[in-house]
């Protein structure tokens with residue numbers, strides 16, 4: 009090997025680190041706009057999701073505002089013991105799980121069904137109109153929904169008591185005092201308000217399915233029902249699993265407005281409408297018990313996190329591609 013060749017090889021070897029650095033700088037430069045766009049979201053998460061984690065220690069302290077959070081007495085799990093020694097712990101846990109479990113199942117099934125029907129509409133104007141109508145309730149504030157509900161359910165002036173029930177020959181109902189009706193009322197309102205968002209997601213997934221699958225199925229003699237069962241549902245299954253896992257992760261979190269504002273905070277129906285979120289709020293506002301409220305919130309977060317891990321593990325065992333992580 010000549011001396012010139014050796015020098016050239018040495019020069020190439022020495023230039024390799026410089027080339028790698030230049031390549032990394034070029035990649036960083038190309039990705040810089042993306043990082044800048046992500047920055048507001050990261051700042052929001054830092055301020056609203058990560059910094060408040062410091063407050064977890066409140067669940068283990070007897071808060072004294074004169075001493076401050078850090079100097080307050082450490083009492084270990086006494087706040088949790090007090091929470092779980094009351095009947096309220098069972099009631100709020102039962103209500104939270106049953107309501108949210110029912111919401112997940114019903115909303116998922118109904119949203120998929122509506123998305124499939126919307127996909128069958130060929131007229132673009134009609135499809136856009138129905139999409140807007142279905143999504144509109146999702147954009148309405150729960151405060152407005154609560155007053156719409158009151159317009160129907162008010163014992164004195166409600167549309168049901170003064171128009172619908174008399175036409176059916178039925179007696180007036182004191183809706184805000186009768187607990188037995190509220191599981192159905194809350195479920196209906198949740199479906200009416202929440203189905204639009206899920207429907208848009210599933211419709212987008214359905215639109216993304218390759219139309220050649222349907223054409224081949226049609227040639228093979230498959231009807232619409234068989235196409236839905238064997239093509240549509242399996243194709244959007246990753247999206248269904250992802251949305252379900254995310255919902256399971258928040259199964260211990262409830263829509264505060266749905267359970268507090270819609271029932272108008274009626275004490276007569278607490279056993280039916282009280283969930284963890286409303287319990288924490290009432291514990292703070294009415295009792296001023298910060299420690300027990302923090303314990304309930306931590307219990308909510310830990311159980312939700314465990315449920316996500318378990319659900320994701322079960323999905324991963326069956327299909328690694330469909331798992332979240």
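In the working numbering, the protein residues as written are 9 to 333.
We treat Cβ as the ideally placed atom computed from N, Cα and C, and that holds for glycine.
Here's a check: name, in chain order, each residue in its chain whose Cβ is nearer than 6 Å to the Cβ of residue i, leaving out the five neighbours to either side.
| i | result |
| --- | --- |
| residue 97 | 91 |
| residue 332 | 253 and 320 |
| residue 129 | 135 |
Among the candidates the options, whose CA atom is the shortest distance from the CA of residue i?
| i | options | result |
| --- | --- | --- |
| residue 108 | 242, 144 and 257 | 257 |
| residue 88 | 323, 226 and 307 | 307 |
| residue 216 | 243, 116 and 150 | 243 |
| residue 305 | 166, 50 and 60 | 60 |
| residue 163 | 146, 152, 154 and 181 | 181 |
| residue 185 | 168, 274 and 127 | 274 |
| residue 123 | 208, 225 and 276 | 208 |
| residue 265 | 301, 38, 324 and 155 | 155 |
| residue 213 | 194, 193 and 241 | 241 |
| residue 143 | 46, 93 and 199 | 199 |
| residue 69 | 76, 229, 83 and 145 | 83 |
| residue 95 | 309, 287, 323 and 311 | 287 |
| residue 62 | 133, 152 and 77 | 77 |
Following the continuous alpha helix (DSSP H) through residue i, name the residue where it begins and the one where it ends.
| i | result |
| --- | --- |
| residue 159 | 150 to 161 |
| residue 147 | 132 to 147 |
| residue 323 | 298 to 326 |
| residue 127 | 95 to 127 |
| residue 287 | 284 to 290 |
| residue 281 | 278 to 281 |
| residue 208 | 190 to 215 |
| residue 254 | 241 to 257 |
| residue 226 | 219 to 227 |
Taking a contact to mean a Cβ-Cβ separation below 9 Å, would you say residue i touches residue j in this structure?
| i | j | result |
| --- | --- | --- |
| residue 197 | residue 136 | no |
| residue 260 | residue 105 | yes |
| residue 268 | residue 279 | no |
| residue 2 | residue 148 | Residue 2 lies beyond the range of the chain shown here (9 to 333); nothing can be said about it. |
| residue 251 | residue 206 | yes |
| residue 103 | residue 203 | no |
| residue 291 | residue 71 | no |
| residue 190 | residue 101 | no |
| residue 271 | residue 194 | yes |
| residue 248 | residue 210 | yes |
| residue 302 | residue 50 | no |
| residue 276 | residue 187 | yes |
| residue 139 | residue 118 | no |
Among all the DSSP beta bridges, which residues are the ones paired with residue i?
| i | result |
| --- | --- |
| residue 82 | 69 |
Tell me which residues share the same chain as residue i and place their Cβ nearer than 7 Å to its Cβ, disregarding the 5 neighbours each side in the sequence.
| i | result |
| --- | --- |
| residue 168 | 160 and 161 |
| residue 255 | 112 |
| residue 31 | none |
| residue 309 | none |
Using C-beta distances below 8 Å, list every residue in its chain close to residue i, excluding the 5 sequence neighbours before and after it, in chain order.
| i | result |
| --- | --- |
| residue 173 | 179, 180 and 181 |
Looking at the C-beta of residue i, does it have a partner C-beta in chain D at a distance below 9 Å?
| i | result |
| --- | --- |
| residue 113 | Of the protein chains in this structure there is only one, and it is not chain D. |
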